[in-house]
Amino acid sequence: MQGIILAAGRGSRLRPLSDRYSKGMVPIMGQPFMAWIMADMLAAGVDAFVLVVRPDDDACQTYFSQDERFRGKVDFAVQTEPRGSGDALRRAAPFVQGDVVISACDNLVDAAALQDYLRRWQGRMGELGLLALMPQKRELLSRSGVVVWDGARVTEIIEKPSLDEAPSDIISLPLYCLAHDFLAELDEIPLSPRGELEIQEPIRRLMAREPGVYGHLFARRFTLTAPEDLLLIGQHLLDRAGQPNFVAPSAQVGEGAVLTTGVILEADCQVGPGAFLQNVVVLPGGEVPAGARLQDKVIF
Numbered sequence: 005m006q007g008i009i010l011a012a013g014r015g016s017r018l019r020p021l022s023d024r025y026s027k028g029m030v031p032i033m034g035q036p037f038m039a040w041i042m043a044d045m046l047a048a049g050v051d052a053f054v055l056v057v058r059p060d061d062d063a064c065q066t067y068f069s070q071d072e073r074f075r076g077k078v079d080f081a082v083q084t085e086p087r088g089s090g091d092a093l094r095r096a097a098p099f100v101q102g103d104v105v106i107s108a109c110d111n112l113v114d115a116a117a118l119q120d121y122l123r124r125w126q127g128r129m130g131e132l133g134l135l136a137l138m139p140q141k142r143e144l145l146s147r148s149g150v151v152v153w154d155g156a157r158v159t160e161i162i163e164k165p166s167l168d169e170a171p172s173d174i175i176s177l178p179l180y181c182l183a184h185d186f187l188a189e190l191d192e193i194p195l196s197p198r199g200e201l202e203i204q205e206p207i208r209r210l211m212a213r214e215p216g217v218y219g220h221l222f223a224r225r226f227t228l229t230a231p232e233d234l235l236l237i238g239q240h241l242l243d244r245a246g247q248p249n250f251v252a253p254s255a256q257v258g259e260g261a262v263l264t265t266g267v268i269l270e271a272d273c274q275v276g277p278g279a280f281l282q283n284v285v286v287l288p289g290g291e292v293p294a295g296a297r298l299q300d301k302v303i304f
């Protein structure tokens, strides 16, 4: 099974991080965030990837060409202009050989939940798609695509509705299993109100066909949309690893510095003598002054 990772977005809300890294390449616990997503997919049965990237994202192409987990398993499709997820899928289409699982590069779900999701897809009975769904607080519904779902089949996605227009409190995550048939629906995608070609339109066309598109419920997800999101993501990854902190081999910790819990020190960062850190992420090259007392901070 192939995975398509949509990694060409500009990540404007991630600034100033996105001035240094493309969204999927932001480092967390020693590797790009996107590598965590892809490693979980490998463990769940995905055996090849298409990464849709920006033309200038040399770091991404170098990393995934050289990392031994992914070497020889990744094709790169280039999206020259940020024209939406539908356009990104058009770029990936020449590399697609069968059914696919599509993920944004900034959306991580629990590894066990992902395995259940892909296991259900691989055992399907002809369904054209399986969408990843999640309950959402009502006041946040206008930030996402909200679905019409009867507990089995999904019949509509309404993008960023007002609270009055929202048909449910269930949102669609940027994680989709789609049959190979979806390629035929990419040819004539209309422009969205934002002037982009969106993935939702070809999915709607699959919904209108039999046997339709179904939903699979997730309890939570971790998304990277702002620098402070690294705190929650980092704690989740530390919990997965069963360790209180992560210190990269090249990180420098001064004499008397105290790392309590939830501390992630990336490559080549420095923590000054006598500093006190709790729930802090220090990105590569970041510096914590001597004697500083930091809690719930991202340093870069």
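Here the sequence shown is numbered in our numbering, starting from 5 and rising by one per residue. All C-beta atoms in this analysis are idealised placements derived from N, C-alpha and C, irrespective of residue type, glycine included.
(request) Indicate whether glycine 130 and proline 215 have their beta-carbon atoms separated by less than 7 Å. (result) yes
(message) On the CB-based measure, 16 or more other CB atoms within 10 Å of its CB, does lysine 141 come out buried or exposed?
(response) exposed
(message) Helix, strand or coil, according to DSSP, for lysine 27 in the structure here?
(response) helix
(request) Work out the CA separation of threonine 66 and glycine 76 for me, nearest whole Å. (result) 12 Å
(request) Would you tell me roughly how many angstroms separate the C-alpha atoms of arginine 58 and proline 86, rounded to the nearest one? (result) 8 Å
(message) If we define contact as Cβ-Cβ less than 7 Å, is glycine 49 a contact residue for chain D?
(response) The chain labelled as chain D is not found in the depicted structure, where only one protein chain is given.
(request) Can you tell me the Cβ-Cβ gap for methionine 42 and phenylalanine 74, rounded? I've got them flagged as a contact below 8 Å. (result) 7 Å
(request) Select from Thr264, Val105, Glu259 the residue whose C-alpha is nearest the C-alpha of glycine 278. (result) Glu259
(request) Classify threonine 264 as helix, strand or coil using the three-state DSSP reduction. (result) coil
(request) Look at the alpha carbon of leucine 93 and the alpha carbon of glutamate 160, and state the distance between them as a whole number of angstroms. (result) 20 Å
(request) Using three-state DSSP, classify glutamine 83 as helix, strand or coil. (result) coil
(message) Given this structure, state the Cα-to-Cα distance separating glutamine 101 from leucine 122, to the nearest angstrom.
(response) 17 Å
(message) Looking only at its chain, what residues have a beta carbon closer than 6 Å to the beta carbon of threonine 264, apart from the 5 residues adjacent to it on each side?
(response) Gln282
(request) Assign glycine 219 to one of three DSSP states: helix, strand, or coil. (result) strand
(request) Using only alpha-carbon positions, find the residue among Leu228, Leu144, Gly238, Asn111 that is nearest to tyrosine 180. (result) Asn111
(message) On the DSSP bridge list, what partners appear for isoleucine 106?
(response) Ile8, Tyr180
(request) Reducing DSSP to helix, strand and coil, say where glutamine 140 ends up. (result) coil
(message) I need the boundaries of the beta strand (DSSP E) containing glutamate 205, first residue and last residue.
(response) Segment 204 to 211 is the alpha helix (DSSP H) holding glutamate 205; no beta strand (DSSP E) there.
(request) Within its chain, find whatever has a CB closer than 6 Å to the CB of proline 248; leave out the 5 residues flanking it on each side and keep chain order. (result) Thr265
(request) Flag this pair as yes or no: are the beta carbons of glutamate 202 and glycine 90 separated by less than 7 Å? (result) yes
(request) Look up glutamate 72 in the DSSP assignment and say whether it is helix, strand or coil. (result) coil
(message) Let me check understanding here. Comparing Cα to Cα, which of Phe226, Gln70, Leu132 lies closest to proline 206?
(response) Leu132
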